[in-house]
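So the structure is just underneath, and the comments pick up after that.
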Amino acid sequence: MASNIIKSAKAHYSKKPVFITPPSFKNLIDDEVEEEIYSGPSIEEIEKEITDKKNSAGEELRQLRKEAEEEAKRIIELAEVGAFQRIKDGNEKYKAELENARRQSEDIIKDARSRAEEIIKEAEARKNDIQQAAHKEGFDKGFEEAYEKGHEELDRIKGRLEKILGETINKRNEIIESSEKQLINISIAVAKKVVKAITESDQAVILRNVTEALRKVKGRAQVTIRVNINDLELTTRHKDDFYRMLDNIENVNVLEDPNIEQGGCIIETDFGDIDARIATQMNEIETAIKNIQPIKGF
Numbered sequence: 027m028a029s030n031i032i033k034s035a036k037a038h039y040s041k042k043p044v045f046i047t048p049p050s051f052k053n054l055i056d057d058e059v060e061e062e063i064y065s066g067p068s069i070e071e072i073e074k075e076i077t078d079k080k081n082s083a084g085e086e087l088r089q090l091r092k093e094a095e096e097e098a099k100r101i102i103e104l105a106e107v108g109a110f111q112r113i114k115d116g117n118e119k120y121k122a123e124l125e126n127a128r129r130q131s132e133d134i135i136k137d138a139r140s141r142a143e144e145i146i147k148e149a150e151a152r153k154n155d156i157q158q159a160a161h162k163e164g165f166d167k168g169f170e171e172a173y174e175k176g177h178e179e180l181d182r183i184k185g186r187l188e189k190i191l192g193e194t195i196n197k198r199n200e201i202i203e204s205s206e207k208q209l210i211n212i213s214i215a216v217a218k219k220v221v222k223a224i225t226e227s228d229q230a231v232i233l234r235n236v237t238e239a240l241r242k243v244k245g246r247a248q249v250t251i252r253v254n255i256n257d258l259e260l261t262t263r264h265k266d267d268f269y270r271m272l273d274n275i276e277n278v279n280v281l282e283d284p285n286i287e288q289g290g291c292i293i294e295t296d297f298g299d300i301d302a303r304i305a306t307q308m309n310e311i312e313t314a315i316k317n318i319q320p321i322k323g324f
């Protein structure tokens, strides 16, 4: 059996060089760990998606504002068509119409605000995705640029949305205020036309008007009733009825007055005049309507 130990007696000197083959070692690393490669969307694609979101948000808000204006126009048209009925139904129904317009406009604004908040949340979530993707790739410079650009774009979108919402709210208030003024003017105009038509077609209006005015006469007095020429004959025929109506009237005279419109009258007494002209009564009604407290606080 050969020995692995070299003894000095067996060793000898040689002038020829001796080459020793180095041992080979098995590669202990079988597989190299491959660097993970990011396969998500690029920065340009993310920026394009943010731009698309911004354009979509602007288009939705423009559509909402258009719908609000169309709805307000429809409400005004309905108010014009039903103005006469509103006068008959009274002030409560008139207020209800304005309140309904307010609620509809408020719903539109709330919906616009809700949609804007959703868009902002999506943009913020996308910003976080950009941050995570950039960090994963290890591109510090690209991450910082993408983060700053996305943050600036988000701030710009927020500012634009706030401006659009503010303009929409101001437009809503203008629509409500304009609707209220138009309803008042329409109500007054219709009332005047209705009263004019009634006084021209119903001759008994002058008799009721004179009777109501005579009830305000105080003390014993000489009474002069001034009426339109078209009401002179009818009023004169009922002079005795007026005389008997109140015991404190000493005498009744009926005179025509071209300055008094048909259906109205002026009662002159020793103690002052009673103005029962149609125009005077309409002015009082108009003042009362215009003094109605407008709807505020929305």
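Numbers given in the numbering used here equal positions in the sequence shown, counted from 1, plus 26.
Just so it is clear, CB atoms sit at the ideal spot from N, CA and C, and this is done for glycine as well.
Two segments are said to touch when three or more pairs of C-beta atoms, one from each, lie closer than 8 angstroms; by this definition the segment 205-214 does not touch the segment 236-252.
Across the set R263, E188, G289 and T306, the C-alpha of G289 shows the shortest separation from the C-alpha of N235.
Residues of the same chain with their beta carbon placed closer than 8 angstroms to that of E144 are lacking, with the five preceding and five following residues left out of the count. 9 angstroms or more divides the Cβ of T306 from the Cβ of A247. Restricting attention to I135, D257 and E85, the CA atom closest to the CA of N199 is found in I135. In the three-state reduction of the DSSP assignment, D257 falls in the helix class.
Non-local beta-carbon contacts of I286 in its own chain, meaning distances under 8 angstroms to residues more than five positions away in sequence, involve R252, V253, N254, I292 and R303 in chain order. The beta carbons of E95 and I201 sit closer together than 9 angstroms. Inclusion of R141 and L90 in the CB contact set at 9 angstroms is warranted, their separation being smaller than that value. For the options A314, R182, I224 and F268, the alpha carbon positioned closest to that of L233 is the one of F268. The DSSP-derived three-state label of N279 is strand.
Classified as exposed, D181 has fewer than 16 neighbouring CB atoms from the shown chains inside 10 Å of its CB. Taking C-beta atoms under 8 angstroms as the contact rule, L258 and V280 qualify, at a distance of about 7 angstroms. In the structure shown, E294 falls within a strand segment according to DSSP collapsed to helix, strand and coil. Beyond the five residues adjoining it in sequence on each side, I146 comes within less than 8 angstroms, by CB distance, of L180, I183, K184 and L187 in the same chain, given in chain order. DSSP places Q229 in the coil class of the three-state scheme, outside both helix and strand. When DSSP reads this structure, V249 sits in a beta bridge with V278.
The beta carbon of T250 is closer than 7 angstroms to those of N279, L281 and E294 in its chain, skipping five residues each way along the sequence.
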